[in-house]
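In the numbering used here, the protein residues as written are 352 to 717.
Dropping the structure here:
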């Protein structure tokens with residue numbers, strides 16, 4: 352289920368005739384973008400958040416809302432959806448405004464040092480700072496290239512699982528050799544509320560880019576006749592009465608067999624596209640934005656990059672690394688917003704000022 356935001360928060364974006372003047376614009380509403388709201392909020396910097404998706408959560412919600420995450424500090428396990436929901440609750444005190452379903456198309460530095468930002472839906476901003484937390488960019492699933500198959504996209508052909516219950520009791524064909532393909536094959540093959548009528552996994556070779564434990568479990572289920580694995584590639588499809596009824600699979604032996612199905616799930620990974628970000632005059636290395644590790648600033652002062660979109664020596668693409676980057680980027684942004692104010696590090700445990708910002712009572716210590 353997608354996180355719910357109040358209509359008031361969303362509609363403030365459309366209540367302006369001219370550009371919206373703000374201290375910070377964040378591009379990307381994934382976990383790192385949401386935590387950037389928090390770190391800025393502690394410094395009393397309010398933000399507007401833009402995302403091309405129709406809801407917050409980024410890849411966590413778009414690709415694996417129900418998949419467990421184990422490496423968030425002090426949270427032994429949570430799903431992508433739960434992480435997003437908790438972050439939304441955490442940033443509530445800071446009143447961020449969200450602009451969903453739109454992509455940033457223009458970024459231009461103004462004579463006064465601020466930035467003009469415009470989106471694909473015509474929303475315009477004048478902002479002192481810009482934070483790019485766009486993950487891998489405008490990510491799109493790699494599609495299965497079979498003539499005529501795209502007509503079933505969204506009905507019988509899917510590149511992601513939004514609601515596992517939709518696939519229960521179906522004859523499923525799952526294509527891919529990575530973690531997503533194996534994880535969903537195992538989920539739908541096991542006994543439980545999401546169990547499919549049948550599961551057939553297809554991959555072009557008998558080797559996988561998935562966790563060894565998942566591959567071993569898949570082979571166990573195949574031996575127990577609880578699912579099937581076929582080595583081959585989909586080269587065609589069959590349909591009847593405008594419904595997809597099967598796929599043609601050509602094996603290594605050159606023989607093509609028809610595999611019947613109700614639903615086809617394809618997991619070929621994502622094709623990251625920087626999109627308009629590539630035209631903003633920032634230093635780019637292998638489709639990522641180069642930053643320093645003191646401020647997480649890009650090559651343009653006032654523009655910061657956090658999370659998977661950035662690169663630096665030793666970079667690790669982990670959510671927890673992105674959270675750390677948000678903290679340093681927020682402090683580095685403060686001089687752009689408050690040029691005459693010295694910003695000191697304070698602790699949420701003891702600072703009455705931060706307690707006031709967070710809307711919580713200050714504890715009394717004996």
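Ideal Cβ placement from N, Cα and C applies to all residues, glycine included.
Along the chain, where does the beta strand (DSSP E) containing residue i start, and where does it finish?
| i | result |
| --- | --- |
| residue 522 | 522–526 |
| residue 564 | Here residue 564 belongs to no beta strand (DSSP E); instead the alpha helix (DSSP H) covers 563–574. |
| residue 554 | 549–554 |
| residue 545 | From DSSP, residue 545 is part of no beta strand (DSSP E); its letter is neither H nor E. |
| residue 633 | Per DSSP, residue 633 belongs to no beta strand (DSSP E) and is neither H nor E. |
| residue 450 | 448–451 |
| residue 579 | 579–582 |
| residue 559 | Careful: residue 559 lies outside any beta strand (DSSP E) and carries neither H nor E. |
| residue 458 | 455–460 |
| residue 721 | The structure shown has nothing for residue 721, since the chain only spans 352 to 717. |
Are residue i and residue j closer than 8 Å when you measure CB to CB?
| i | j | result |
| --- | --- | --- |
| residue 516 | residue 545 | yes |
| residue 628 | residue 495 | no |
| residue 398 | residue 447 | yes |
| residue 659 | residue 486 | yes |
| residue 651 | residue 626 | no |
| residue 444 | residue 705 | no |
| residue 646 | residue 679 | yes |
| residue 431 | residue 402 | no |
| residue 417 | residue 396 | no |
| residue 439 | residue 681 | no |
| residue 621 | residue 493 | yes |
Give me the Cα-Cα distance between residue i and residue j, rounded to the nearest whole angstrom.
| i | j | result |
| --- | --- | --- |
| residue 404 | residue 604 | 43 Å |
| residue 693 | residue 677 | 19 Å |
| residue 555 | residue 470 | 40 Å |
| residue 456 | residue 384 | 18 Å |
| residue 661 | residue 641 | 6 Å |
| residue 540 | residue 618 | 17 Å |
| residue 535 | residue 636 | 33 Å |
| residue 667 | residue 501 | 35 Å |
| residue 673 | residue 588 | 42 Å |
| residue 350 | residue 613 | Limits of the chain in this structure are 352 at one end and 717 at the other, which puts residue 350 out of reach. |
| residue 669 | residue 590 | 43 Å |
| residue 369 | residue 465 | 16 Å |
| residue 644 | residue 697 | 21 Å |
| residue 596 | residue 498 | 15 Å |
| residue 371 | residue 475 | 6 Å |
| residue 606 | residue 507 | 25 Å |
| residue 323 | residue 649 | The requested residue 323 does not occur in the structure, where the chain is confined to residues 352 to 717. |
| residue 449 | residue 656 | 19 Å |
| residue 461 | residue 467 | 7 Å |
| residue 720 | residue 580 | Past the boundaries of the shown model lies residue 720; the chain is included only from 352 to 717, so the question cannot be answered. |
In this structure, does DSSP put residue i in helix, strand or coil?
| i | result |
| --- | --- |
| residue 531 | helix |
| residue 653 | coil |
| residue 640 | strand |
| residue 404 | coil |
| residue 508 | strand |
| residue 422 | coil |
| residue 371 | strand |
| residue 540 | helix |
| residue 470 | strand |
| residue 597 | strand |
| residue 591 | strand |
| residue 516 | helix |
| residue 618 | coil |
| residue 492 | strand |
| residue 697 | coil |
Between which two residues does the alpha helix (DSSP H) containing residue i stretch?
| i | result |
| --- | --- |
| residue 673 | 670–688 |
| residue 433 | 431–441 |
| residue 387 | 382–393 |
| residue 708 | 703–709 |
Whole-angstrom Cβ separation of residue i and residue j, contact assumed at under 8 Å?
| i | j | result |
| --- | --- | --- |
| residue 442 | residue 376 | No, residue 442 and residue 376 are not in contact; Cβ-Cβ is about 15 Å, not under 8 Å. |
| residue 523 | residue 550 | 5 Å |
| residue 615 | residue 600 | Incorrect: roughly 11 Å between the Cβ atoms, too far for contact. |
| residue 339 | residue 583 | Shown here, the chain extends from 352 to 717; a query on residue 339 therefore has no answer. |
| residue 654 | residue 481 | 5 Å |
| residue 530 | residue 562 | 6 Å |
| residue 671 | residue 427 | No, residue 671 and residue 427 are not in contact; Cβ-Cβ is about 14 Å, not under 8 Å. |
| residue 548 | residue 527 | Rounded, the Cβ-Cβ distance is 20 Å, inconsistent with contact. |
| residue 479 | residue 453 | Contact doesn't hold; Cβ gap of about 21 Å is too wide. |
Return yes when at least one heavy atom of the ligand ADP lies under 7 Å from the C-beta of residue i, else no.
| i | result |
| --- | --- |
| residue 392 | In the structure shown, the ligand ADP is absent, as is every other ligand, since no ligand is present at all. |
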